[in-house]
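In what follows, a single structure is set out as structure tokens and then discussed.
Number of protein chains: 2
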Amino acid sequence: EMPNMALDGLFVALLLSFGTTVALDPIPRITWEPRDVHLVRFQEPGVSNYSALLLGSGDDTLYIGAREAIFAVNSLNIADKQHEVRWRVTEDKKAKCAEKGKSKETECLNYIRVLQFLNSTVLYVCGTNAFQPTCDHLLLKTFELVGKNEDGKGRCPFDPAQSYTSVMVDGELYSGTSYNFLGSEPIISRNSPQSPLRTEYAIPWLNEPSFVYADVIRKNPNGTDGEDDKIYFFFTEVSVEYEFFGKSMIPRIARVCKGDQGGLRTLQKKWTSFLKARLACSLLENNSLFNVINDVFILRAPDLKEPVFYAVFTPQWNNVGLSAVCAYNMSLVEDVFSKGKYMQSATVEQSHTKWVRYSGEVPKPRPGACINNEAKAANYSSSLNLPDKTLQFVKDHPLMDDSVVPISNRPRLIKRDVNYTQIVVDRIQALDKTVYDVMFISTDRGALHKAVSADSGMHIIEETQLFPGSEPVQTLLLSAEPGKKYIYAGSNAGVVQAPVAFCEKHRTCVDCVLARDPYCAWSPRKASCVDIFKERGSISLIQKMSGDASSCTGEFFFFPKMPFPASEMTGSSWFLCFFHLSCTTPVTAGPGLMPPASSQRLCWLLPPWCLDWGGRALPHSFREPGAIFDVHVLWEKNGQKIDVCVSVQTHLLPDGKVYYFSWVKDTLRESSEYCCSFLSKTGNKTSKARITVDRQEATRQESWTRELSNWKSAVHEHDQMMQNWRKAWESCTEDNY
Amino acid sequence: EMPNMALDGLFVALLLSFGTTVALDPIPRITWEPRDVHLVRFQEPGVSNYSALLLGSGDDTLYIGAREAIFAVNSLNIADKQHEVRWRVTEDKKAKCAEKGKSKETECLNYIRVLQFLNSTVLYVCGTNAFQPTCDHLLLKTFELVGKNEDGKGRCPFDPAQSYTSVMVDGELYSGTSYNFLGSEPIISRNSPQSPLRTEYAIPWLNEPSFVYADVIRKNPNGTDGEDDKIYFFFTEVSVEYEFFGKSMIPRIARVCKGDQGGLRTLQKKWTSFLKARLACSLLENNSLFNVINDVFILRAPDLKEPVFYAVFTPQWNNVGLSAVCAYNMSLVEDVFSKGKYMQSATVEQSHTKWVRYSGEVPKPRPGACINNEAKAANYSSSLNLPDKTLQFVKDHPLMDDSVVPISNRPRLIKRDVNYTQIVVDRIQALDKTVYDVMFISTDRGALHKAVSADSGMHIIEETQLFPGSEPVQTLLLSAEPGKKYIYAGSNAGVVQAPVAFCEKHRTCVDCVLARDPYCAWSPRKASCVDIFKERGSISLIQKMSGDASSCTGEFFFFPKMPFPASEMTGSSWFLCFFHLSCTTPVTAGPGLMPPASSQRLCWLLPPWCLDWGGRALPHSFREPGAIFDVHVLWEKNGQKIDVCVSVQTHLLPDGKVYYFSWVKDTLRESSEYCCSFLSKTGNKTSKARITVDRQEATRQESWTRELSNWKSAVHEHDQMMQNWRKAWESCTEDNY
């Protein structure tokens, strides 16, 4: 074959990256670059660190907390700024902060860390305020801060680099953060004038935690046991129960009861209901172990009997880019806290401590339990009445022995070469009535993965590059309101608004179906890929979550059947057209394929083959000349061998098959028949394609030019090509045609 | 620019693999495929599992133990088989083995696992022998097995899948393996008629070990303390002192004394000198932790005050391809065993155990110490005399509290996307008198990395693909004899012999110097890259381990200045020539560049640039159209713009720079001036190259054709191209030209 040397070289590098792909590692089927898709951005000059996002309720407003500024924008179009207020650090405070050795330009500023509804007209906001955390009220009517200058200690970190989480429950703020300048005193607290509560400052309670999330789970409104609302906190901390090299991190879920009033003597103004447990996310048979939790999303849906929470993890050790998603049932969490065993510390040889399961008698009422009907019946109407024995026990035994294990006892998704930072989940019903939890997971490189469980395992529908410059995504928010579904992502650089699906980007029925996107279906009537939630009632939509595209009748198997604008470099009127032929069917190019009438037309033909070399997994790299290099490609045009501008490309698929393709670059002046043969010792394959240059085409030129100009703005050949590959791989792997 | 779509797509994939490259992760500068270099192979039809290699002493023989066969080959040319003997399992034994549920085709065969010199005329060999391990004597004179049918229990594993190691010391075999059919009883033993010794069968002694290596360290011949020879064992086992999720693995070094005779009552026929310690190989500030040891090489050299041992590690958790090499001083090991604290187990809450430092009184003589002059002076002439207190202590406290930490307290090398299996080290002196420890490290994909410490960190000189089909390398052996230096690698498929360097493959002075291979230097007299050990005395050799190629005067900067055979596909007499121009100097092609006189000549021009986009690290992938896609390439030939067959290639370097190159494919009929400009918003760069078609060249055709045919056999364009890239990257990163 004609050696395309650069391609061969790159190929080896590519193989090296794919060769170690594990079965659990799905690859995004499509990657959208910012220019491919319509993303709305919000960024204010001079403002950075857009870390707090809050959706208004029912008024299409998104509130954004950034460094020294708070904004209100239209949530349907975040570029439409409606209000802003600046909250700057005073020069005096900045100077004091700098005196303590902090950076005047970065650390000694006011980073908004809490942005919560106090009520329907007031936002509660807190900022780091040059290492003097301060809270204030923001009046939504005038979008003005009232200047309350409340001490924010325990609600907001001093240091913008420190972790924090908070949730407002019935007008009271529950926070997880650090309580002092050094950041050495962690705290989970409730800011309440009536009953402020906090954690003990003790290693068994919190040991260098990194807080990632907090939320309330309301009691069952139909429950008869008088249970309480519970607030859950998620964090990673240094383990006390495990010992490995250095500090072993461990992901935790902790909870407190809303009705907790603290103890009367023991645990006075401290939580009497603080319990925590390990969150397991591992696949030990595979030596996969994820012990750093990065974010949580609690999924509630009318059809779900109980909330399910999704969490993203990375490993602590040797993390060269590896992430996992685990999902958990809230009822299991409840069981661990309400029925599980406790851990206790035991002293070993005077100076060492080991945490083991507590197997002694547990006091009554059960330590850490909320005050429910049973407790009330026993005359414990409030935590203030609880006996010292129960309180002392929970003070010493905040850690459960049982772990919270994920649904199916394994991760939903393990992904290589990526560090997941945030997650939101949308639960939707596809056309076949199956319900899908669609996960949107952001990365530390500014990307968003959209993944869904398929029969064959997790399928990453698409990857969308939200932020140029690979900014880590710090906050992810889902607006799940029907007809207004959007993902909002905050980073240091700005905020991006993305729709939950890009259905219209799939230009053919096959492409639309192969996307296996539960939001999308092909409308034969409109001849486009549509959002099923906007086309409800349309009866003829084609959606197959299996990816079976056989319902796409009457369509040539083009990927995509679109022209590409010629390179500006060439300065000619040539157009490139790609297509992808099924191996045996002669294809007559349809109208969409043909470029406008011009003197010359340049076509690239891309017939794909999946070659399975005797069923065995192919080697890591191109080690066997006898196997792969044996393949030769022969191209003919109207029976004449083509000698020049033949390129060959090879890919090793994760399942061990080889995807081998070749293309020619040719100038199309008249209808021609192209024939491409792959010749190898294991057999030959030949494909023919007749490209008909339709002279009548010229009359359709006007409409075609319009279509082209629409495309031109959106389509970039590089990424399309990349997508073509991914599509081809995907269909190749699946259909093995 | 003219879109080379396939390249762009691949490029994204390439970036994904490079984007997460860590600073500690050097990339091999060159990769040799089997066809590039002269490797000698030994493989016998029908024979597999070439897992035991042993060098004869002074007779240029390599002994090879495989499945059911032992061979003697010429160590200077292993394809030259000298003797062989088959050692098959009897049908009877095979049937019995199969009855126990083992596979008749694979497991119930005889895998040679021990191959050691008993004396100068007899080899001691053991095989698994269908799960009935058996040992025999191989007479070297006749190359016949004497049929001793010795029970091999404790010397050789039952199961070929189980780990094993052994070393012959003064006619006695020291082994680490498993002692029973199930493989559940691990053992370190000495096979000695006089004094057979073994380990206690107890978790604190050995806890599910995987043995990887054993060797003897002789006592200092000038020592006055009467120390003993010591046998060291290296293995990974399940930790007792750490607790993490599941089973925590831990790498160990253990040692016994050669003079050990066991105890009289306590530890009768057991080691009284068995002690073990943790081997640390981690970089905790980087969360890098390697806790599975795969192989060890003990480096002894006249200029080394003490032996240094090198070990290769992989992580237990989340190993998606990551390896490390650590080096240790033997004196530290000695200190840990002779002066370190012991660990003891403490019972916690009845049912749990925790291992902590023992801080009580240590009996005398020191438990586990060899019988030295001091012990003898105290009347302990043998371990049989040792007091019960000492013996009971060592029985209960075989584990040291101190770890053996690596030299400089950090790994020598951390490498991504690879699992290192074996290591050997050659210590050599470069021309500047600096001594280098050259590490040869094999992978589980059949490759060999050759690495050396450079000022800038570890430098991987080259990667050599030893085995097609990516066979894991199971055994690696170095023959360090001057003038006969070879690497021997055994795998399931066969044995490969490779020289320690491929100097002659570096065709130019620049290439030879940039290789930074301490074995190689450029000989201006011979105009070739030579092995310095074969050219001792040659005074004008050019070798710069810094990679400074400025001494290579009078040479054009060609990579490589060689023609390539035309593709067979094209069927024409065209030749491809590559070259690589420095950015500003006009270059007249030298004689080596020109193809033989033919009607047409096709050249690809490859000018490289390193573009540093404002000094900032570039994004993970091609996210910023404004930055990189802004670049346009303009090619001109004799002042005329070239529109067709222009290709563009881009690479992100690990340091964040972009390597951008472009080439044209053109037919060269007459001397022409090519001009290539890179145009971007940040500035333009232009390069000119004049290719002179020298008509006198035809007269030199004959010598040229000869040179070509030499090259033809060895050179394949694909790999050369790959190497060109790597060279370009390397030089690009270093020289920033």
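Those protein sequences? They're chains U and L, same order as listed. In the numbering used here, each residue carries its 1-based index in the first sequence increased by 29. In the numbering used here, each residue carries its 1-based index in the second sequence increased by 29. Every residue, glycine too, gets a C-beta built ideally from N, C-alpha and C.
- Interface with chain U (7 Å Cβ-Cβ cutoff): H478(L) is excluded.
- Burial check for G523(U): the Cβ neighbour count within 10 Å reaches 16 or more, so the residue is buried.
- Here DSSP, grouped into helix, strand and coil, assigns L313(L) to helix.
- Within chain U, N316, S317, L318, P344, W346, N347 have C-beta atoms less than 8 Å from the C-beta of W346(L), given in sequence order.
- Closest by C-alpha distance to N323(L), out of I282(L), I217(L), H67(L), V539(L), is I282(L).
- Here V241(L) is buried, its C-beta having at least 16 other C-beta atoms within 10 Å.
- Secondary structure remark: continuous beta strand (DSSP E) runs of at least 3 residues inside the segment 345 to 420 of chain L, in chain order: 351 to 358, 372 to 377, 381 to 386.
- Neighbours of Y271(L) in chain U, taken as residues whose beta carbon is under 7 Å from its own, are E272, F273 in chain order.
- Given a length threshold of 3 residues, each whole run of the beta strand (DSSP E) inside the segment 250 to 338 of chain L is given here in chain order: 259 to 267, 278 to 286, 304 to 308, 321 to 328.
- Scanning chain U for C-beta atoms nearer than 7 Å to the C-beta of S311(L) yields F274, reported in chain order.
- Beta-carbon to beta-carbon, Y203(U) and R227(U) are separated by about 11 Å, too far to satisfy the 8 Å threshold.
- Restricting attention to F273(L), C355(L), A95(L), the CA atom closest to the CA of N320(U) is found in F273(L).
- Beta-bridge partners of S520(L) (DSSP): V502(L).
- One Cα belongs to I217(U), the other to K259(L), and the distance between them is close to 56 Å.
- Rounded to the nearest whole angstrom, the C-alpha separation of T206(U) and P238(U) is 8 Å.
- The beta carbon of K383(L) falls within 7 Å of a beta carbon belonging to chain U, placing the residue at that interface.
- Considering only beta carbons, the part of the segment 375 to 406 of chain U lying closer than 7 Å to chain L consists of A375, V377, E378, H381, K383, V385, in chain order.
- The beta carbon of R445(L) falls within 7 Å of a beta carbon belonging to chain U, placing the residue at that interface.
- Contact check between the segment 488 to 500 of chain U and the segment 461 to 478 of chain U: three or more CB pairs, one atom from each, fall below 8 Å, which counts as touching.
- With its beta carbon at least 7 Å from every one in chain L, L68(U) lies outside the interface.
- By alpha-carbon distance to P57(U), the top candidate from D446(U), Q526(U), T537(U) is D446(U).
- Beta-bridge partners of Y79(L) (DSSP): none assigned.
- Remark: three or more beta-carbon pairs, one from each stretch, lie closer than 8 Å, so the segment 77 to 85 of chain U and the segment 500 to 514 of chain U are flagged as touching.
- Counting only unbroken stretches of 3 or more residues, the beta strand (DSSP E) elements lying wholly within the segment 86 to 144 of chain L are 90 to 95, 98 to 103, 106 to 115, in sequence order.
- In this structure, P189(L) keeps its C-beta atom at 7 Å or more from the C-beta atom of T150(L).
- Checking the DSSP bridge columns, you'll see E201(L) partnered with V198(L).
- In this structure, the straight-line span from the alpha carbon of K370(L) to that of S352(U) is close to 39 Å.
- Following the DSSP letters along the chain, one finds L543(L) inside the alpha helix (DSSP H) bounded by residues 538 to 543.
- Shown in chain order are the members of the segment 320 to 338 of chain L whose Cβ falls below 9 Å from a Cβ of chain U: N320.
- Neighbours of S277(L) across chain U, judged by C-beta separation under 7 Å: F273.
- In terms of Cβ geometry, I141(U) and G176(U) do not form a close pair [threshold 7 Å].
- The DSSP-derived three-state label of C581(U) is coil.
- When DSSP states are grouped into helix, strand and coil, F422(L) belongs to the helix group.
- C-alpha of N358(U) to C-alpha of V454(U): approximately 14 Å in a straight line.
- For the C-beta of L351(L), the chain U residues within less than 9 Å are, from N- to C-terminus, N347, V349.
- T343(L) and G183(U) have their C-alpha atoms roughly 42 Å apart.
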